[in-house]
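Visitor:
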Amino acid sequence: MLFHVKHTHSWEACPYHDPDRARATFGKAMAGIMESEVELIGAYVDAAAHTTFLILDATSAGQIEEALAPVIDIGWAETRPVVDFAEVLNRVTEGG
Numbered sequence: 124m125l126f127h128v129k130h131t132h133s134w135e136a137c138p139y140h141d142p143d144r145a146r147a148t149f150g151k152a153m154a155g156i157m158e159s160e161v162e163l164i165g166a167y168v169d170a171a172a173h174t175t176f177l178i179l180d181a182t183s184a185g186q187i188e189e190a191l192a193p194v195i196d197i198g199w200a201e202t203r204p205v206v207d208f209a210e211v212l213n214r215v216t217e218g219g
């Protein structure tokens, strides 16, 4: 199942200018994703807005929560199940 994760944090919590904190938070989270059963489809960032966007393939939101544990304390996240747009469009336009 695909999930879209939007993680946001404040400028005070941002690890951008602190390499040690970046390794301990997002570095650890990304490594955790790569070592887990969660598949990273895409990862994008709007650094100026302190927002990270992930597309993940996982069997449950719980898997994602576990993988993102290193960044839970520095901000907040929205995790939403999503489906491939072309798949939905084809289903709608094909009538079934």
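Everything in the sequence shown is counted per my numbering, starting at 124 for the first residue and increasing by one. Glycine included, every Cβ here is placed at the ideal spot set by N, Cα and C. All values reported here derive from a predicted model rather than from experimental measurement.
When DSSP labels each residue in this structure, what does alanine 255 get in the three-state scheme?
Guide: Absent from the structure is residue 255, since the part of the chain shown begins at 124 and ends at 219.
Visitor: Locate the alpha helix (DSSP H) running through glycine 185, then write down its first and last residues.
Guide: 184-190
Visitor: For threonine 202 versus valine 128, is the C-beta spacing smaller than 7 Å?
Guide: yes
Visitor: Let me know the secondary structure DSSP gives glutamate 201 once reduced to three states.
Guide: strand
Visitor: When the Cα atoms are used, what is the spatial distance from alanine 152 to alanine 190?
Guide: 6 Å
Visitor: Please go through the same chain and pick out, in chain order, the residues whose beta-carbon is closer than 7 Å to the beta-carbon of threonine 131, but skip the five residues on each side of it.
Guide: His173, Thr174, Gly198, Trp199
Visitor: Between leucine 125 and valine 215, is the Cβ-Cβ spacing less than 7 Å?
Guide: no
Visitor: Checking the sheet assignment: what are the DSSP bridge partners for leucine 125?
Guide: Asp180, Val205
Visitor: Measure the beta-carbon distance from aspartate 180 to glutamate 158 and round it to whole angstroms, keeping in mind my assumption that it falls under 8 Å.
Guide: At roughly 15 Å, the Cβ-Cβ gap does not stay under 8 Å, so aspartate 180 and glutamate 158 are not in contact.
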